[in-house]
Amino acid sequence: SRSCSVVTSRSRNCDNGIRGGAIGKSLTLRRCFVHENGNGTGRAHNVYFGNGELLTVEDTLSNKAVIGHLLKSRAARTVIRNTRLIGDGGTESACLDVPDGGVLEIDGLVCEKSPGTDAAWIIHYSGENQDQAGMPFHLQSSIRIRNLVMIAPPKMIRYPNAGAMQGFVNQSGLGAEASGKG
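Using my numbering, read the sequence shown as starting at 44 and increasing by one per residue.
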């Protein structure tokens, strides 16, 4: 097994610390540290895996993303084991975003949001309408969760009127009419 370290200074404006994915491809991140990626647009993340078959994340720390997600997966199957997604005072959006559904297996995950977060949810699952963009939801979707810890700040300091922090949601930023369609 190999280990990896992806450490990028925010001042370098790295859009995504790790980005990739293609139909039929898989990616495994094992013993990785991904820190301070994003360019402030909200379209950039510490880890973004799109359109692949399987994303496996094990023994990994992703922290302090700049507005984007700490981990985003559009894979047909996402497996997370013994991993930490920690805001650490950043402006991250969701700790974990799995917007196209699919099989999500979690065994050993700690998610902690920062008060400066950009979103009122910790884990986002199957909340985007991708049909209009040509990316339908995965036909096989299921969720299996073991050993999950979610820690939320008492309130969001950048959006104090956003309401209570939510743990696991199916919610689109486009509102109820767009959430979960597909």
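The C-beta atom is built at its ideal place from N, Cα and C for all residues, glycine as well.
Ser136 has no beta-bridge partner at all, per DSSP. Burial of Thr160 is indicated by the presence of at least 16 other C-beta atoms within 10 angstroms of its C-beta.
The three-state secondary structure of Leu113, taken from DSSP, is coil. Collapsing the DSSP output to three states places Gln209 in a strand. Across the structure, Val122 and Leu70 are spaced so that their CA atoms are roughly 11 angstroms apart.
Excluding its 5 nearest sequence neighbours in each direction, Glu96 has C-beta neighbours in its own chain below 8 angstroms: Ile66, Gly67, Lys68, Ser69, Ala118, Ala119 and Arg120, listed in chain order.
Counting C-beta atoms within 10 angstroms of its own C-beta, Val77 has 16 or more neighbours from the protein chains shown and is therefore classed as buried. Closest by C-alpha distance to Ala108, out of Gly83, Glu79 and Gly132, is Glu79. Scanning its chain for C-beta atoms nearer than 7 angstroms, with the 5 sequence neighbours on each side dropped, one finds around Asn59 the residues Asn80, Ala87, His88 and Tyr91, in chain order. Asp131 is not bridged by DSSP to any residue.
Here Phe180 carries a coil assignment [DSSP, helix/strand/coil].
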